[in-house]
Amino acid sequence: MKNAKYIPEIKGTLRSHMIELPLVIREASGIIIFGKRIKSIVFTTDVAIIRNTNADAVIAVYPFTPQPVITHAILETAGVPVFCGVGGGITTGQRVVNLALDAEFQGAMGVVVNAPTPNETIKMMRKTIDIPIIVTVVTENHDFKGRLESGVSIFNVSGAKNTPRIVRKIRSEFPEVPIIATGGTSEESI
């Protein structure tokens, strides 16, 4: 077993209270996007949490029609890369493409679309933006091949208790595709 490498850590008096993610996440391989390795992602739109967590990145999706002003506020506040939700459920078609382009122009590292997003919309996005397109996956009965052919870069698996099974299915069919997945509540599930 390797000896743990010493890493100096600096904490201020006023900023010592923060949301620290489980250390076991550091054992993940992570994903390298534009030269940055990302191993941990916080799922929130709360700017206070975004500013007070040690996550490597933020995935900012919310259950309302995406708005550029919300994207701007999150990107302006975050000190880490942000993956912005741009719709794909009720909000679809050219509007999703426009929101994705706006997010890219504002500095988002990637955009996230909902599970029901049509492949045609993803193709339109891929022709327009040059940042990763992340699609949320909630079931193993998903057209993974069609998504990849449409231009999806990363799968965001959010299947509750079925998440490990969905990840295994993707890995068996596409061993090298990048996957973001909810980790669960224990070190073992992470």
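Each residue of the sequence shown is one higher than the one before, counting from 1404 in my numbering. Just so you know, even glycine gets a beta-carbon here, dropped at the ideal spot from N, CA and C.
Taking 9 Å as the cut-off, the Cβ atoms of Ile-1536 and Ile-1557 count as close.
By the Cβ criterion, the segment 1404–1414 is not in contact with the segment 1433–1444, since fewer than three pairs of Cβ atoms, one from each stretch, lie closer than 8 Å. For Val-1515, DSSP records a beta bridge to Gly-1488, Ile-1537. Rounded to the nearest angstrom, the gap between the Cα atoms of Phe-1486 and Leu-1478 is 9 Å. Taking a cut-off of 8 Å for Cβ pairs, the segment 1450–1457 and the segment 1486–1497 do not touch, as fewer than three such pairs fall below it. Assignment of Phe-1547 by DSSP, reduced to helix, strand and coil, places it in the helix class. Taking every protein chain shown into account, the CB of Pro-1411 has fewer than 16 other CB atoms within 10 angstroms, so this residue is exposed.
Beta-bridge analysis with DSSP links Arg-1429 to no other residue. When secondary structure is reduced to three states using DSSP, Lys-1408 falls in the coil class, being assigned neither helix nor strand. Around the beta-carbon of Val-1516, 16 or more other beta-carbon atoms lie within 10 Å, marking it buried. For Val-1450, the enclosing alpha helix (DSSP H) covers residues 1450–1454. In this structure, DSSP gives Ile-1573 a helical state, which the three-state scheme calls helix. Annotated as distal: Glu-1523 and Val-1514, with beta-carbon spacing of 9 Å or more. The residues Thr-1474, His-1475, Leu-1478, in chain order, have a CB closer than 7 Å to that of Gln-1509 in the same chain once the five nearest residues on each side in sequence are set aside. Ile-1493 sits in coil when the DSSP states are folded into three classes, being neither helix nor strand.
Collapsing the DSSP output to three states places Ala-1481 in coil.
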